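Peer 1: The sequence shown begins at 1165 in our numbering and counts up one residue at a time.
For every residue, glycine included, the Cβ atom is placed at its ideal position computed from N, Cα and C.
Owing to the predicted nature of the structure, the values given are computational and were not obtained by experimental measurement.
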Amino acid sequence: MVSGFTCAAMRRPRLFRPRPFLSIETVPMKFSFQQSHPVKTFFKRLILALLAVVLILGAIWGVRLLGFQNFGVVHQGEFYRSSQMNGEQLQETIAEYGIKTVLNLRGPNPNQAWYPEELAASQAAGAEHVDVLLSATHFPRPDEMLKLLGVLDHAPRPILVHCVSGADRTGLAVSLYRLTQRHEPLEQAKEGLTFWFGHLWFAQAWPMGRFLEMYDQAGRPPIVPWVDGPYRMWYAQALTQGEIDE
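(1) Within its chain, find whatever has a CB closer than 7 Å to the CB of glutamate 1308; leave out the 5 residues flanking it on each side and keep chain order.
(2) Beta-carbon separation of phenylalanine 1359 and asparagine 1234 under 7 Å?
(3) Quick check on glycine 1288: buried or exposed, where buried means 16 or more other Cβ atoms within 10 Å of its Cβ?
(4) For alanine 1331, count the other beta carbons within 10 Å of its own beta carbon; 16 or more makes it buried, fewer makes it exposed. Which is it?
(5) Is it buried or exposed for glutamate 1282, if we count other Cβ within 10 angstroms and need 16 for buried?
(6) Measure how close the beta-carbons of glycine 1314 and valine 1338 come, nearest whole angstrom, since I'm counting them as under 8 Å.
(7) Going by Cα to Cα distance, which pick from Ile1408, Trp1390, Ala1400, Tyr1261 is closest to proline 1325?
(8) What does DSSP give as the partner residues of arginine 1245 in its beta bridges?
(9) Report buried or exposed for glycine 1406, applying the criterion of at least 16 other Cβ atoms within 10 angstroms of its Cβ.
(10) Using a Cβ-Cβ cut-off of 8 Å (strictly less than) and excluding sequence neighbours within five positions of serine 1368, which residues of its own chain qualify?
(11) Buried or exposed for asparagine 1268, please, with buried defined as at least 16 other CB atoms from any protein chain shown within 10 angstroms of its CB.
(12) Pick helix, strand or coil for aspartate 1295, following the three-state DSSP scheme.
(13) When the Cα atoms are used, what is the spatial distance from proline 1412 to isoleucine 1387?
(14) Would you identify the three-state DSSP class for arginine 1384, choosing helix, strand or coil?
(15) Taking Cβ positions, are leucine 1336 and methionine 1372 nearer each other than 7 Å?
(16) To the nearest angstrom, how far is it from the Cα of glycine 1241 to the Cα of arginine 1342?
(17) Looking at C-alpha atoms only, which residue of Gly1251, His1363, Arg1384, Pro1320 is the closest neighbour of histidine 1347?
(18) Considering only DSSP beta bridges, list what valine 1266 is partnered with.
(19) Can you determine whether any heavy atom of the ligand NAP sits closer than 6 Å to the C-beta of valine 1294, and answer yes or no?
(20) Where do the ends of the alpha helix (DSSP H) carrying tyrosine 1341 lie?
(21) With H, G and I counted as helix, E and B as strand and the rest as coil, what does DSSP make of leucine 1221?
(22) Do you know whose CA, among Leu1403, Tyr1244, Trp1398, Glu1351, lies nearest isoleucine 1263's CA?
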């Protein structure tokens, strides 16, 4: 009989067999060691930065147009622009800037709530109220344009001019003020019609800018005789031929 010790000693010892190392090809790659091209990285970052700037400027633009009545100082102490305000906002603006004349480019609208409210606010604040009827999507009627130019010449200042959005009709009035009262070159005066205040030259309000282009093409004569003469004749003929609408 063989003892337990002897049997254990006679057992064949286990051989240590080391596991083979895994080939690097068999290990799934979790990380890419390829570096991005520096030029591509630069342009990606540049595009992201530009998009961020556009979004920020767009937000500022929208807040100013909608939240601050599209208000702007054209010339300190003389001329200001805005969109349609309610009575309280108008009274506050008149008091803050010492407005003497409120120039409404929407024309008289006694059946709409905003109009009597505006009249009452102007009267309560001691400002004159003047109506001129312009349309952003139509060429200005000669008589209304002459009335507007007369207001710019003779109305007590400071003047606050407004339409609905403060972009198109108001932009044209601002351009005419800068042209006739500040005697700025037409190229500079036309900046009253600007994207910053919401004017889009390619949209439906294109007649506002086209009016100034016609004046430029006429040789930039004294504007009142031009409106009352050549422009009036062109306007009547264009109406007769159906080229424009009133």
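Peer 2: On the basis of the data shown:
(1) Excluding sequence neighbours, glutamate 1308 sits near Val1296, Leu1297, Leu1298.
(2) Contact: no.
(3) It is worth fixing the name first, because residue 1288 is alanine in this sequence and not glycine. It counts as exposed.
(4) With a threshold of 16 other beta carbon atoms within 10 Å, alanine 1331 meets it and is buried.
(5) Looking at its Cβ environment, which holds 16 or more other Cβ atoms inside 10 Å, glutamate 1282 is buried.
(6) Contact doesn't hold; Cβ gap of about 17 Å is too wide.
(7) Per the sequence shown, residue 1325 should be read as valine rather than proline. Answer by Cα proximity: Tyr1261.
(8) In DSSP, arginine 1245 forms a bridge with Gly1236, Val1325.
(9) Its Cβ having fewer than 16 others within 10 Å, glycine 1406 is exposed.
(10) Looking at the sequence shown, residue 1368 is not serine but glutamine. Here the set comprises Ala1300, Thr1301.
(11) The Cβ neighbour count for asparagine 1268, taken over all protein chains shown within 10 Å, is at least 16; the residue is labelled buried.
(12) Note: aspartate 1295 maps to strand in three-state DSSP.
(13) Any property of residue 1412 remains undetermined from this structure, which presents the chain solely from 1165 to 1410.
(14) In the structure shown, arginine 1384 sits in coil (DSSP, three-state: anything other than H, G, I, E or B).
(15) Methionine 1372 sits close to leucine 1336, with the two beta carbons spaced by under 7 Å.
(16) The straight-line gap from Cα to Cα measures roughly 14 Å.
(17) Histidine 1347 has its Cα closest to that of Arg1384, out of Gly1251, His1363, Arg1384, Pro1320.
(18) DSSP lists His1293, Leu1324 as partners of valine 1266.
(19) Of ligands this structure carries none, so the ligand NAP is not represented either.
(20) Tyrosine 1341 -> alpha helix (DSSP H) spans 1333-1344.
(21) Annotation note: pLDDT 42 at leucine 1221 (below 50); position unreliable, coordinate value reported separately. DSSP places leucine 1221 in helix when its eight states are reduced to three.
(22) The residue with the shortest Cα to Cα distance from isoleucine 1263 is Tyr1244.
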